[in-house]
Amino acid sequence: MRTVLALAALSFSWANAFYLPGAAPHDYHRGDQVDLFVNALTPMLAGYDDAKLKSLINYDYYNPKFRFCEPEGGPVKQPESLGSILFGDRIFNSPYDIRMLENNGTCQTLCLVDDVTADDAKFINDRIREDYALNWLIDGLPAAEMKVDTRNGDLFFDMGFNLGNDDEPYFDVPALNNHYEIVLRYHQPSPDDYRVVGVLVWPSSIGGSQEAAPTCETEGVSPLILSETQTQSIRYTYRVTWNESDTPWATRWDNYLHIFDPRIHWFSLVNSLVIVIFLCVMVSMILLRTVSRDISRYNAIDLSEDVQEDWGWKLVHGEVFRTPRFPLALSVMVGNGAQICAMVSVTLIFALLGFLSPSNRGSLATVMMICWTFFGGIGGYVSSRVYASLGGTNKRKNAFMTATVLPTVIFVVVFLLNFFLLMAGSSGAVPFGTMLTIVLLWFGISAPLSTVGAYFGSKHGAIQHPVRVNPIPRQIPPQPKYLRPWASTLLSGLLPFGAAFVELYFVLSSLFASRAYYAFGFLALTAGVVALTTATVTILFTYFVLCAEDYRWHWRAFLTGGGSAFWVLAYGLFYWASRLSLDSMSSVILYLGYLLLLVLLDFLVTGTIGFLASYWAIRRFYSAIRID
């Protein structure tokens, strides 16, 4: 236990300390231009305990309804990675004039917008009520507000800052933040060289006359209330302050990657380890004591005695490797599950080694897409061998469906969700060129590699079974209620879900609530515990099914292994009820669509682990007994 906990701590420290190899800091000199880039506006959680997310729609910073100040010549879109685009990043330049160690404490006017209509004001006020946040980037660091973790008193940087203030609205109308106190922390590694190591923004609302000379005074002033009945003006101002910091460039992300109460992660991990150790001991007792005793008893029988009959799981030795119903569908699902398993494993390894630095935006999604594409050969190989082992004969159909069915289903769902994003005017909608790139990756690279893998799988042929299959299937007796498919699926899925539900909360918060998640050490260990728990639970239920003289274990093993997906769906609905307050139909459809995709992928991964683990265990069972 101590060794495992030490490895967890070490992996977590690696995740925080390493950066993408080859990435270099940007050294500035006094007076150099420091570019400020703007990203899409995203909804955020206003608090920590009882706050609820009110929307899932992202908006372009330069959406005409926001009426933000634009740079001369118009905004210029910045190049982004594939993963960054998929996660909704839309980065543009800005008109802010920031220079290293200059303009220190000077009140500056960004622009005066003098024709804000009533419709624009209503749009902005609605976004303030939904707790939307502005997202800026300076030298790769996101602008943040400094906050205090109420649980332990730690200071941390909460990425993004509020568009406006709805805590104390005047006449039921929120206040717009039109002034920004920008505090830039810098580190001086050598004379005349400076590096940005922190970006903090304190937004505030300054009302009154917008045409008068700005003072940037925020104390004792009335807030800026946008009228929803008449046209008015908005003056945007900002003030830059430079503060020297002892934080070196290599650890500048530590303040951003704050984990709320890490004891929760440790408690979840220890709890998961206790569960998996208990299961491993239980399965070991079954395999080493019960099964070994059965094997010894079976092999001690004098096979020349006509009065002797088989009993227990040996009774179905002539049926256990009989071809199940729908072997093509089962093999395709196992193949795709193996491909996803390989993708997740390699991605977690890259994350633990520090290759997926948060400064490289979208790197996580990019690596996942690349791994999925180039691991198509793994999916084709596993699907082909499983299909041949199950007695399938239509190899070409198997190879075609393995390469196309899952990508097509995912693409159709994503396309429909993208349509709703377009209808809602969200900047998170994936551009047509990116969608075309994904199609080319899936059907231009992954599908051919899957075909190559299927060819080698067919060349290796079926896995040899230790016993023959009887020509006539035997009758299956009535099964206990707890071994019925729906009951065993729900019962078996509860333990793997219990090992991961705490990390699932943080993952959902990262996906839907724009919270940074970088505890890949905890995530990797949790994933390993879930895989081991799924395998042991599935072997246990498969043994019970065979002892009940039911030889239809193939689909049962896959469903039993994938039972945690049902609990993930139930928890996703609970998360919706407890942490989300979605008013628009588009946000509801988006959440349910992404949740169903997550459940589908979890079902394929855990189902594949359960099936392959049961297949291995059954071959070991029946290869150890004598069969006449």
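When you line the sequence shown up against mature numbering (1 follows the signal peptide of the UniProt record, and there is no 0), it's residues -17 to -1, 1 to 611, in that order. No residue lacks a Cβ here, since even glycine has one placed at the ideal position from N, Cα and C. All figures in this text were calculated on a predicted structure; none of them were measured in a lab.
Between the options, which has its C-alpha nearest residue i's C-alpha?
i: V156; options: N148, H162 and Y163; result: N148
i: A560; options: D10, L36, H12 and M418; result: L36
i: Q322; options: A470, G427 and I353; result: I353
i: I459; options: S492, W469 and W536; result: W536
i: W405; options: Y42, V179, P390 and G374; result: Here residue 405 turns out to be Leu, not Trp, going by the sequence shown. Residue Y42 is the option with its Cα nearest to L405.
i: R451; options: T201, V299 and S492; result: V299
i: V513; options: F484, G416, T234 and G374; result: F484
i: Q91; options: E164, E53 and N46; result: E164
i: D10; options: Q171, A386, F357 and L578; result: Q171
i: W425; options: A407, Q447, E486 and F383; result: F383
i: V388; options: L313, V413 and T420; result: L313
i: V520; options: Y488, S567, T589 and I572; result: T589
i: D176; options: G318, D585 and L84; result: L84
i: M568; options: Q16, G88 and I40; result: I40
i: N87; options: L419, I601, Y169 and K378; result: Y169
Which same chain residues, not among the five before or five after residue i, have their C-beta less than 6 Å away from its C-beta?
i: Y598; result: none
i: L124; result: V182
i: E128; result: D141 and F144
i: G440; result: Y364, S367 and R368
i: V259; result: V512, L515 and T516
Would you tell me roughly how many angstroms separate the C-alpha atoms of residue i and residue j, rounded to the nearest one?
i: A126; j: F51; result: 17 Å
i: A596; j: L494; result: 31 Å
i: N226; j: A518; result: 54 Å
i: S67; j: S346; result: 7 Å
i: S64; j: R344; result: 8 Å
i: S173; j: H12; result: 11 Å
i: P8; j: D229; result: 16 Å
i: A325; j: Y438; result: 19 Å
i: V253; j: T509; result: 10 Å
i: G546; j: G593; result: 10 Å
i: A(-10); j: S192; result: Per-residue confidence for A(-10) stands at a pLDDT of 37, beneath the threshold of 50, marking its modelled position as unreliable; the derived number appears in the next sentence. About 57 Å.
i: F49; j: T234; result: 35 Å
i: N22; j: S570; result: 20 Å
i: F70; j: D237; result: 22 Å
i: L335; j: G511; result: 14 Å
i: Y558; j: I446; result: 43 Å
i: N160; j: P479; result: 46 Å
i: R562; j: G360; result: 40 Å
i: G318; j: G411; result: 31 Å
i: R82; j: L167; result: 11 Å
i: A600; j: P231; result: 52 Å
i: Y31; j: D114; result: Low local confidence applies: a pLDDT of 49 at Y31 is under 50, so the model's placement there is unreliable, with the coordinate-based value given in what follows. Answer to the nearest angstrom: the Cα atoms are 13 Å apart.
i: P47; j: V96; result: 12 Å
i: P310; j: G375; result: 7 Å
i: P186; j: V179; result: 20 Å
For residue i, collect the residues of the same chain with a Cβ closer than 7 Å to its Cβ; drop the 5 residues on either side in sequence, then sort them by chain order.
i: D98; result: T214
i: F524; result: S471, S475 and T543
i: Q462; result: A531 and D533
i: L339; result: F333, S346, L347 and V350
i: F527; result: L466
i: Y605; result: H300, V303, P449 and V450
i: residue 623; result: Outside the displayed range of the chain (-17 to 611) lies residue 623, so it cannot be described from this structure.
i: L584; result: I323
i: P58; result: Y45, F75 and N76
i: E53; result: Y45 and P78
Excluding the five sequence neighbours on either side, which residues of its own chain have a C-beta within less than 8 Å of the C-beta of residue i, listed in chain order?
i: F20; result: Q61, I74, F75, N76, S77, W119, L120 and I121
i: S564; result: K35, L36 and K37
What does the Cβ neighbour count give for residue i, buried or exposed, with the cut at 16 atoms within 10 Å?
i: D102; result: exposed
i: H162; result: buried
i: V551; result: buried
i: R110; result: buried
i: R603; result: exposed
i: L331; result: buried
i: I455; result: exposed
i: R308; result: exposed
i: I217; result: buried
i: T25; result: buried
i: G196; result: The amino acid occupying residue 196 in the given sequence is Ala; Gly does not appear at that position. Flag for A196 reads exposed.
i: D18; result: exposed
i: E202; result: exposed
i: R457; result: exposed
i: F(-6); result: Legend: pLDDT at F(-6) = 36, less than 50; position of this residue unreliable, value from coordinates given subsequently. With 16 or more other Cβ atoms within 10 Å, it is buried.
Are any of the Cβ atoms in chain D nearer than 8 Å to that of residue i?
i: F51; result: This model lacks chain D altogether; it includes just one protein chain.
Quick check on the DSSP output: what are the complete beta strand (DSSP E) runs of length 3 or more inside the region 91 to 177, in order along the chain?
Scanning the region 91 to 177 from its first residue to its last, the whole beta strand (DSSP E) runs of 3-plus residues come out as 115 to 117, 119 to 121, 127 to 131, 138 to 142, 147 to 153, 156 to 159 and 162 to 173.
Which whole runs of the alpha helix (DSSP H) in the region 290 to 349 are 4 residues long or more, in chain order?
310 to 335, all fully within the region 290 to 349.
My parser needs the alpha helix (DSSP H) runs of 4 or more residues fully inside the region 183 to 212; what are they?
Whole alpha helix (DSSP H) segments, 4+ residues: zero.
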